[in-house]
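Colleague:
In our numbering, the protein residues as written are 16 to 224.
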């Protein structure tokens, strides 16, 4: 959905944006989300206010995935007229991409995965999935929510958002078949290369010299 919304002209926010975007890194987004989750889950620190969330998301016109979905209620209350796209996933595929092993990866990359990895099982994931669906529907007026299946393609999404259907552009499945672990590994590799690149260039010059 992140990729699809960007193609429609939105500037979307996603967990990997928080982890890899230079401006997000400079503004310490990962640390901010961890502080917000610490209070929401453990009551440690202080609650993040609507203005705090505005500050984090000020450059973006859409949000997707973690960590924003952990603050669905707060964001919907902050933007009561927002269009909400509720993406339906196959339960077993969803479990695969949000497995406890993937959350362990988030613990090292984000420092926030530990909030549920010790207690989440497949059975609890499935129960949570149905509860979360009902919860979101209770927060959003019927006219402001689209229950979307990725296989439906561009048409229902563009109609809901009032956008033109992209011409000769297949609907993107950017992370189809990938787990969160795969995406985190990609982000970590990217950051390792970015960090060490100047040193590798210096070492290369010294080696040639």
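Built from N, CA and C at the ideal position, the CB exists for glycine as well.
Which of helix, strand or coil does DSSP assign to residue 35?
Modeller: Three-state result, residue 35: helix.
Colleague: Which residue from 83, 142, 61, 178 puts its Cα closest to that of residue 31?
Modeller: Ranking 83, 142, 61, 178 by Cα distance to residue 31 puts 83 first.
Colleague: Just reading off the alpha helix (DSSP H) that residue 71 is part of, what are its end residues?
Modeller: Segment 65-72, the alpha helix (DSSP H) holding residue 71.
Colleague: Quick test of your reading: residue 93 and residue 68, contact by CB under 8 Å. State the CB separation rounded to the nearest angstrom.
Modeller: Right, the Cβ-Cβ distance comes to about 6 Å (below 8 Å), so this counts as a contact.
Colleague: Within the same chain, show all residues whose beta-carbon is closer than 6 Å to that of residue 80, passing over the 5 residues directly before and after it, in chain order.
Modeller: Excluding positions up to five away in sequence, the list reads 29, 30.
Colleague: Distance check for residue 72 and residue 102, CA to CA, integer angstroms please.
Modeller: Their Cα atoms are separated by approximately 21 Å.
Colleague: In or out: residue 44 buried (at least 16 other Cβ within 10 Å) or exposed?
Modeller: The residue is buried, with at least 16 neighbouring Cβ atoms inside 10 Å.
Colleague: Grouping DSSP H, G and I as helix and E and B as strand, with all else coil, what is residue 100?
Modeller: Strand, per DSSP.
Colleague: Would you mind stating whether residue 187 and residue 18 have Cβ atoms separated by less than 9 Å?
Modeller: Yes; because the gap between Cβ atoms is below 9 Å, this pair is in contact.
Colleague: Whose C-alpha, out of 16, 183, 185, is nearest the C-alpha of residue 99?
Modeller: Closest option to residue 99, Cα to Cα, is 16.
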